[in-house]
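Residue numbers (my numbering): 25 to 573. C-beta atoms are modelled at their ideal positions from N, C-alpha and C, and glycine is treated no differently. No experiment lies behind these values; they were computed from the predicted model shown.
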């Protein structure tokens, strides 16, 4: 009897303990620590923080989970939380209001995540935060006022990130550092400040001069973990220690060139040069009127530290290439620009004379390109420039070896696009644009191939399948069926056409296309107007041997 009573007491005590034990999340463990209640979730399948967190937690530790973001409202009903450890997860985003329900938070650890940036203003909601651990992330910048809301922060670890440049103002604006500067000798009664910056790809140029001075000057109670910050760039300083590197003063770019006026003959190669000096090293770009139509190669080479030579190479310069070329250099400090004038002379022009006054022959530059193409259509766009002031008419030719006709379109002034929607699918075409009454040259043509008609292919495949099945059926018929058909009132062909009236179509041969010379378009006044001052004329001509090859 006593043994039964003892077993009953054991079961009752176990039930009571289980009844009073607070709720804990699945795959997690809850415990009572000296500082309060703790929750640990290690290697669990947790994509986001659940809504039913146990109440009155002091510490939460979630590690090795697929947790990828901290959004607003994640920590609702967790106002007592003081320690939040979210190490070695996949956190990539922290939303601006993610910490607004954590007024008592004192320690936040996010080591080994995938953060590229941090919403520093979110720390307004955590005025008691003392420890912030962000090492082994992908953070590449820290704003100068990043720490202004972390009034009680004494430990900051941003080591092993992707920082290349950080202003010393980030740490001069650190409230705890400013407090120590104000107290002076009395600062020894305050806690130590710990800062970790090592294992970042530092770019040791003038922008790190302030940080280098800060690293040299700090001392207790300010502790810099591993003050040996190693330069990764530029190449001339790679491997050096930051505090031992001589860094100059930052300056905006200054630009120079051997000649601001360049003159060349048409068809010759031209090279425009631009020297830019700055600290940090500048980036150089070129701007010219026809940059969207004619893209030239740009060669950049370092001459010395902070000096870059940029060369714009213009192969076989055309008359249209003449004009102003602007060399632009910029860095984080400012920008500068320099204009170089390129003048392209016609081949027959003498030095110092303008081509308009030396020749009455019309010279045209044509840049024709395909903008869009479909199965049956094409959209062409072009740029034309002539050596005459008055507007010129042009002629567009579109032809193919497989088509019976070629399209000839007379283009009036002011038009630079043309669309065709009646082309054959999967066919090679050649389009040329030239001055009216002048044959097109090779450089004024473009070759394109229309797309395949998938619907037509499917139809032909279906017809082939039906033909194969029909042949198989006919081969399977007995000989008597053929005898019956031959002795019937109709022969086989008459029987087929009576039974299949849908196929009674006569074959049509291509009609001869009469030859037509282009003589009706010499007078622009005889052409109708299409829109305001936009005139287009079309005609079809038979492809001849002397046509577009």
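- With fewer than 16 other Cβ atoms inside 10 Å of its own Cβ, residue 207 counts as exposed.
- Rounded to the nearest angstrom, the Cβ distance from residue 347 to residue 303 is 32 Å, too far for a contact under 8 Å.
- Each residue's CA atom was taken as its position, placing residue 301 and residue 193 some 26 Å apart.
- Taking each of 129, 127, 156 and 130 in turn and checking the Cα distance to residue 142, the smallest one comes out for 156.
- Buried is the label assigned to residue 195, since at least 16 other Cβ atoms lie within 10 Å of its Cβ.
- The beta-bridge partner set that DSSP reports for residue 393 consists of 405.
- At least 8 Å separates the beta-carbon of residue 96 from that of residue 60.
- One alpha carbon belongs to residue 371, the other to residue 464, and they sit about 20 Å apart.
- If you draw a straight line from the Cα of residue 363 to the Cα of residue 258, it is about 30 Å long.
- Residue 230 sits in a helix when the DSSP states are folded into three classes.
- In the three-state DSSP reduction, residue 471 falls in the strand class (E or B).
- Boundaries of the beta strand (DSSP E) around residue 257: 255 to 257.
- DSSP places residue 194 in the helix class (H, G or I) of the three-state scheme.
- By the neighbour-count definition (other C-beta atoms within 10 Å, threshold 16), residue 476 is an exposed residue.
- In this chain, the beta strand (DSSP E) harbouring residue 133 covers 131 to 133.
- Within the same chain, 265 come within 6 Å of residue 252 by CB-CB distance, once the 5 residues on both sides are set aside.
- In the assembly as shown, residue 395 is an exposed residue. Its beta-carbon has fewer than 16 other beta-carbons within 10 Å.
- Looking only at 421, 393, 365 and 159, the smallest Cα-Cα distance to residue 313 is reached by 365.
- Leaving aside the five residues that flank residue 321 on each side, the residues in its chain whose CB is nearer than 7 Å to its CB run, in chain order, 337.
- Looking at 275, 135 and 225, the one whose alpha-carbon comes closest to that of residue 255 is 225.
- Counting along the chain, the unbroken beta strand (DSSP E) around residue 297 starts and ends at 294 to 303.
- Scanning its chain for C-beta atoms nearer than 7 Å, with the 5 sequence neighbours on each side dropped, one finds around residue 114 the residues 90, 91, 92, 137 and 138, in chain order.
- Counting along the chain, residue 289 sits inside the beta strand (DSSP E) bounded by residues 285 to 289.
- The beta carbon of residue 367 lies closer than 6 Å to those of 287 and 346 in the same chain, with the five residues before and after it left out.
- In terms of Cβ geometry, residue 128 and residue 105 form a close pair [threshold 8 Å].
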